[in-house]
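First the structure, in the form of structure tokens, and then the observations on it.
Number of protein chains: 2
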Amino acid sequence: MISAGIIVEYNPFHNGHLYHLQQTRKKTNADVVIAVMSGQFLQRGEPALVSKWARTNMALKAGVDLVIELPYTFCTQKAEKFAEGAVYLLTSLQADFICFGSESGNIDTFTNTINFISNHESDYNRFIRQFMNEGVSYPKAASLAFQQLAQQLAPSRDLLDLSKPNNILGYHYVKALQEIGSKTVPMTIERIHAGYHDQQLSSAKISSATSIRKTLAENRTLDHIQSHIPDTTYQELSTFYQKFNTFAFWENFWPFLKYRFSHSEPNELKDIYEVEEGMEYRLIRFAQEATSFKDFMEMIKTKRYTCTRLQRACVHILTNTKKEKMRNKFPEYIRVLGFNQLGRQYLKEKKERISLPIISNLSQADRKAVQLDIKISQIYSFAFGNNGQKIMEEEKKQFPIIVE
Amino acid sequence: MISAGIIVEYNPFHNGHLYHLQQTRKKTNADVVIAVMSGQFLQRGEPALVSKWARTNMALKAGVDLVIELPYTFCTQKAEKFAEGAVYLLTSLQADFICFGSESGNIDTFTNTINFISNHESDYNRFIRQFMNEGVSYPKAASLAFQQLAQQLAPSRDLLDLSKPNNILGYHYVKALQEIGSKTVPMTIERIHAGYHDQQLSSAKISSATSIRKTLAENRTLDHIQSHIPDTTYQELSTFYQKFNTFAFWENFWPFLKYRFSHSEPNELKDIYEVEEGMEYRLIRFAQEATSFKDFMEMIKTKRYTCTRLQRACVHILTNTKKEKMRNKFPEYIRVLGFNQLGRQYLKEKKERISLPIISNLSQADRKAVQLDIKISQIYSFAFGNNGQKIMEEEKKQFPIIVE
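Chains as they are written, first to last, in numbering that gives the first Met the number 0: chain A, 0 to 403; chain B, 0 to 403.
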């Protein structure tokens with residue numbers, strides 16, 4: 000069986016994701032598509048709108064064959080670490096291809112860019128330090144450094160535009176594949192219609208997940224987004240809302256985050272992952288004044304610390320995740336969230352060649368390995384008030400979702 | 000001016016408190032009645048129904064002349080420490096008398112009992128250890144030890160019934176007065192009608208605060224309790240409810256306490272005051288299953304740890320108060336919550352002879368001294384959702400309430 004891996008958040012699964020899925024199959028001729036999907040919190044430091052189980056349902060119903068969880072240690076991370084975790088899982092799973100969407104759409108520009116940067120690494124790093132000394136954030140400095148390097152040394156070469164978010168992610172996917180010596184072959188598809196960060200719904204049927212979430216947060220009804228998502232997503236979102244009475248937004252967690260800042264001493268926060276350089280004092284001080292999470296972010300963001308960076312720190316504070324818990328270089332297990340018959344057959348066939356333990360039943364799993372992900376679900380459940388209990392029941396259901 | 004001190008919680012101020020106040024004036028012939036009142040959390044490990052400011056209003060409008068805060072370090076404590084803090088403040092304030100309600104009603108039984116126990120201290124302590132080895136709680140063991148001692152050695156003497164809650168408190172007041180060599184003279188008034196722990200409203204107009212709170216929690220309306228409280232209390236409770244939309248019950252804090260248990264490692268709880276003997280493991284485990292605070296208490300209480308003891312531990316966990324913060328032997332400041340003209344005049348007259356700093360304006364106070372009480376108000380504010388902000392505005396208002 001030919002297999003293609005994709006790296007996703009599906010927050011929520013929309014028409015653009017469907018296009019990506021279809022194109023992946025077409026381009027790779029894959030029999031099986033494996034999605035490595037973020038768990039309850041996401042790369043940009045946000046809670047997932049709906050639980051990983053509901054998102055697994057969306058994925059399977061839209062045609063994904065096998066859904067694997069990207070553990071917390073990797074899913075709420077900067078692009079580099081996020082990519083390393085996801086790519087490592089797909090490599091372990093013996094995926095023949097990885098196929099990702101990008102603004103570029105041309106895989107050669109990725110390898111060219113990686114080679115170019117690697118050939119000029121010391122200049123590149125010097126530029127990054129220079130820009131950071133001017134006070135900008137690391138991702139911004141890296142993008143500016145690359146731009147400067149490319150203009151000076153290779154103005155006419157076919158290199159990536161590394162100011163584009165999906166190009167950045169793709170760059171890290173391809174780089175991680177090289178670094179771990181993976182046999183998995185990278186491919187890319189040009190993204191159509193929507194920009195990753197677009198705030199407004201597009202008039203076409205493909206809109207960014209950001210704009211879909213924003214519309215949902217403002218209207219608290221599915222009406223406005225219906226034409227931008229497959230029916231299966233619509234059904235799943237409706238079912239979830241009926242069951243939980245809300246979607247999970249940062250604002251749902253705000254009272255708890257604020258409480259956390261109210262009861263904590265600065266020295267109790269300094270060991271939290273991504274809390275650095277005395278950031279804890281600033282956060283504690285402003286949390287007292289802020290009346291919403293949005294308000295809080297407006298108060299604390301700086302040129303040096305982007306919203307995304309601060310949101311991730313806030314997720315780790317909310318979940319009380321210490322630096323020492325995030326030291327794993329690579330994932331240590333494969334947690335199966337769901338599959339169809341093909342996906343199950345694939346796992347069965349490859350089982351012998353997969354070195355990581357495959358967890359499909361929590362009760363048989365090495366408890367210590369999955370402990371953090373269980374705790375994360377517990378914290379995630381606080382978005383849902385009294386209905387939170389159901390999140391933990393889901394989590395302990397222990398068996399992958401099967402869609403035939 | 001003759002002054003009488005009383006030690007109160009006023010949760011809420013009811014007809015029994017009014018009787019105590021009137022009898023205090025009559026018995027001591029006092030010109031000024033000074034109430035030392037618990038802050039936002041109370042002796043038995045519960046949040047106060049309404050803020051300390053609202054309760055100060057109730058006290059002043061019912062005729063108390065001066066209201067002083069019993070700081071957190073003393074108000075959420077076992078009887079002995081609670082008494083020491085309160086008695087120390089009244090002694091510092093140069094109160095001529097302390098007048099407390101008790102089941103006994105006879106001050107000589109208190110001094111007799113103190114002398115009796117002090118004369119047989121080693122036997123008394125041996126009995127306490129014996130009973131504790133059988134697994135009962137410390138207060139229970141102390142009460143049984145005393146009973147046994149009295150039966151064996153002084154069956155016919157006029158000693159206290161130390162199984163009664165107000166006798167126990169009174170015993171500690173009188174003992175603390177002796178220990179600090181106070182010139183303040185203790186007096187006691189027999190409590191009428193209601194038992195301290197009564198759950199049901201009495202048919203008479205004096206009911207226990209416990210029964211009043213229980214009725215309020217069940218009905219969320221003031222109708223049923225109106226005849227058991229003075230009009231001034233009724234007005235104050237109504238105003239508070241209109242402003243905050245709820246009273247503060249433990250259940251309001253349950254999501255935050257549960258969240259605290261969900262995100263904390265056991266070793267992060269073991270330094271909390273009153274968390275002992277590995278209690279943290281038990282609490283974390285059961286908090287996951289419990290669906291309400293009541294449910295939680297039912298799960299965790301044992302013969303050794305009474306509800307009161309566990310509730311106090313939960314308050315300290317909620318407020319993240321470490322053992323090291325609770326080491327003060329005596330209060331270090333006098334925080335004035337409110338007064339009438341007489342109360343103000345009294346303070347003015349005695350000022351020179353009061354050695355503790357008097358805080359009536361937070362901005363002029365030694366910030367470090369009042370820091371804990373400010374933090375406690377911040378945590379208390381989480382009972383009120385978005386209205387919590389108003390609790391902090393009250394707290395920072397900084398000036399005592401003046402009722403003319």
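Heads up, the beta-carbon is just placed ideally off N, CA and C, and yes, glycines get one too.
Between the stretch 57-75 of chain B and the stretch 226-239 of chain B, do three or more beta carbon pairs fall short of 8 Å? With a cut-off of 8 Å, the stretch 226-239 of chain B and the stretch 57-75 of chain B count as touching, because enough Cβ pairs lie within range.
Within 8 Å of any Cβ in chain B, is that where the Cβ of A:S362 sits? As a working mapping, residue 362 of chain A is identified with position 363 in the first sequence. Chain B, which has no Cβ nearer than 8 Å to the Cβ of A:S362, makes this no.
Short of 8 Å in beta carbon distance, which residues of its chain neighbour B:Q22, apart from the five on each side in sequence? Order them along the chain. Taking the second sequence and counting its residues from 1, the one referred to as residue 22 of chain B is at position 23. Excluding the 5 residues flanking it on each side, B:Q22 has same chain C-beta neighbours closer than 8 Å at C98, I188, in chain order.
B:N166, buried or exposed, once every other Cβ within 10 Å from all chains shown has been counted against 16: Along the second sequence, one-based indexing puts residue 166 of chain B at 167. Flag for B:N166 reads buried.
State buried or exposed for B:T90, treating a residue as buried only when at least 16 other CB atoms are found within 10 Å of its CB. Position 91 of the second sequence holds residue 90 of chain B. Here B:T90 is buried, its C-beta having at least 16 other C-beta atoms within 10 Å.
Give the single residue among B:I127, B:H171, B:S354 whose Cα lies nearest to the Cα of B:S101. Position 102 of the second sequence, counted from the start, is the residue given in the question as residue 101 of chain B. Taking only the C-alpha atoms, the option nearest B:S101 is B:H171.
Can you find the residues in the same chain that come closer than 7 Å, C-beta to C-beta, to B:Q377, ignoring five residues on each side of it along the sequence? Here residue 377 of chain B refers to the residue found at position 378 of the second sequence. Excluding sequence neighbours, B:Q377 sits near M391.
Jot down the residue ranges of each uninterrupted beta strand (DSSP E) in the stretch 31-69 of chain B, minimum 3 residues, whole runs only, in chain order. Listed in chain order, the complete beta strand (DSSP E) runs (minimum 3 residues) inside the stretch 31-69 of chain B are 31-37, 65-69.
By Cβ distance, which residues of its chain are closer than 6 Å to A:R334, with the 5 residues on each side in sequence left out? Numbered from its first residue, the first sequence carries residue 334 of chain A at position 335. Here the set comprises E68, I358.
If you scan the stretch 213-253 of chain A from start to end, which runs of the alpha helix (DSSP H) of 4 or more residues do you find wholly inside it? Correct list: 230-243.
Own chain, CB closer than 7 Å to A:Q252, minus 5 neighbours either side, in chain order: The count along the first sequence starts at 1 and reaches residue 252 of chain A at position 253. In the sequence as displayed, the identity of residue 252 of chain A is Phe instead of Gln. Take A:F252, set aside five residues on each side of it, and the residues of its chain with a beta-carbon closer than 7 Å to its own are P46, L317, F381, A382, in chain order.
Using a Cβ distance threshold of 8 Å, determine whether the stretch 77-88 of chain B contacts the stretch 111-124 of chain B, with at least three qualifying pairs required. No, the stretch 77-88 of chain B is not in contact with the stretch 111-124 of chain B.
Can a CB atom of chain A be found closer than 8 Å to the CB of B:S261? Numbered from its first residue, the second sequence carries residue 261 of chain B at position 262. By this cut-off, B:S261 is an interface position.
Could you run through the stretch 354-386 of chain B and flag, in chain order, every residue whose CB is less than 9 Å away from some CB of chain A? So the list reads K374, Q377, I378, S380, F381, G384, N385, given in the order they occur along the chain.
Compute the Euclidean distance between the alpha carbons of A:L236 and A:N339, then round it to the nearest angstrom. One-based indexing of the first sequence puts residue 236 of chain A at position 237. One-based indexing of the first sequence puts residue 339 of chain A at position 340. A direct Cα-Cα distance of roughly 20 Å separates A:L236 from A:N339.
Look at the alpha carbon of A:N105 and the alpha carbon of A:N118, and state the distance between them as a whole number of angstroms. Your numbering for residue 105 of chain A matches position 106 in the first sequence. Your numbering for residue 118 of chain A matches position 119 in the first sequence. Whole-angstrom Cα-Cα distance: 21 Å.
Output needed in chain order: residues of the stretch 244-256 of chain B with a Cβ under 9 Å from some Cβ in chain A. Under the 9 Å Cβ criterion, the stretch 244-256 of chain B contributes P254, F255.
Per DSSP, which residues does B:I167 bridge with? Please list them. Start at 1 with the first residue of the second sequence, and residue 167 of chain B comes out as number 168. Bridge pairing for B:I167: absent [DSSP].
With DSSP as the reference, identify every bridge partner of B:V402, one or two as the case may be. On the second sequence, position 403 is the one that residue 402 of chain B refers to. Secondary-structure assignment with DSSP links B:V402 through no beta bridge to anything.
Straight-line CA distance for A:K139 to A:I299? One-based indexing of the first sequence puts residue 139 of chain A at position 140. One-based indexing of the first sequence puts residue 299 of chain A at position 300. So the alpha carbons of these two residues sit roughly 18 Å apart.
Between A:T318 and chain B, is there a C-beta pair that is closer than 8 Å? Reading the first sequence from its first residue, position 319 is the one you call residue 318 of chain A. So yes, A:T318 belongs to the interface.
Which partner residues does A:F338 have in the DSSP bridge list? Counted from its first residue, the first sequence places residue 338 of chain A at position 339. Per DSSP, A:L65, A:I401.
C-alpha distance - B:V32 paired with B:R24, whole-angstrom precision: For this step, residue 32 of chain B is matched to residue 33 along the second sequence. For this step, residue 24 of chain B is matched to residue 25 along the second sequence. Rounded to the nearest whole angstrom, the C-alpha separation of B:V32 and B:R24 is 7 Å.
If you draw a straight line from the C-alpha of B:F248 to the C-alpha of B:A312, how long is it? Here residue 248 of chain B is taken as the residue at index 249 of the second sequence, counted from 1. Here residue 312 of chain B is taken as the residue at index 313 of the second sequence, counted from 1. When rounded, the separation of the alpha-carbon atoms in B:F248 and B:A312 is 16 Å.
Determine the extent of the beta strand (DSSP E) in which B:V184 is found, giving its start and end residues. Start at 1 with the first residue of the second sequence, and residue 184 of chain B comes out as number 185. 184-189 is the extent of the beta strand (DSSP E) around B:V184.
Do you know whose CA, among B:V66, B:E8, B:N56, B:L65, lies nearest B:C74's CA? If you number the second sequence from 1, residue 74 of chain B lands on position 75. The residue with the shortest Cα to Cα distance from B:C74 is B:E8.
Could you tell me the boundaries of the beta strand (DSSP E) in which A:A3 lies? On the first sequence, position 4 is the one that residue 3 of chain A refers to. Per DSSP, A:A3 belongs to the beta strand (DSSP E) from 2-7.
Report the partner residues of A:I271 according to the DSSP bridge assignment. Here residue 271 of chain A refers to the residue found at position 272 when the first sequence is read from its first residue. In DSSP, A:I271 forms a bridge with A:K321.
Pull up the DSSP beta-bridge partners for A:I97, would you. In the first sequence, the residue the question calls residue 97 of chain A occupies position 98. DSSP, once it has assigned bridges, lists A:G4, A:P185 as partnering A:I97.
I need the DSSP call for B:I375, collapsed to helix, strand or coil. Locating residue 375 of chain B in the second sequence gives position 376, where the first residue counts as 1. Three-state result, B:I375: helix.
Same chain only: Cβ atoms within 8 Å of B:T27, ignoring 5 sequence neighbours per side: Within the second sequence, the letter at position 28 stands for residue 27 of chain B. These residues qualify, in order along the chain: I1, A3, D95, F96, C98, M186.
Count the other CB atoms, across all protein chains shown, that sit within 10 Å of the CB of A:Y71; report buried if there are 16 or more and exposed otherwise. Taking the first sequence and counting its residues from 1, one reaches residue 71 of chain A at position 72. With 16 or more Cβ atoms within 10 Å of its Cβ, A:Y71 is classed as buried.
Would you say B:Q39 lies against chain A (beta-carbon separation less than 8 Å)? By one-based count along the second sequence, residue 39 of chain B stands at place 40. False, the Cβ-Cβ gap to chain A never drops below 8 Å.
Enclosing alpha helix (DSSP H) for B:Y87 [first to last residue]: Taking the first residue of the second sequence as 1, we reach residue 87 of chain B at position 88. For B:Y87, the uninterrupted alpha helix (DSSP H) run begins and ends at 78-91, by DSSP.
Report the option in A:M36, A:L148, A:Q363 whose CA atom is closest to the CA atom of A:E120. In the first sequence, the residue the question calls residue 120 of chain A occupies position 121. The option with the nearest alpha carbon to A:E120 is A:L148.
Just reading off the alpha helix (DSSP H) that B:S121 is part of, what are its end residues? As a working note, residue 121 of chain B is residue 122 in the second sequence. Note, B:S121: alpha helix (DSSP H), 120-132.
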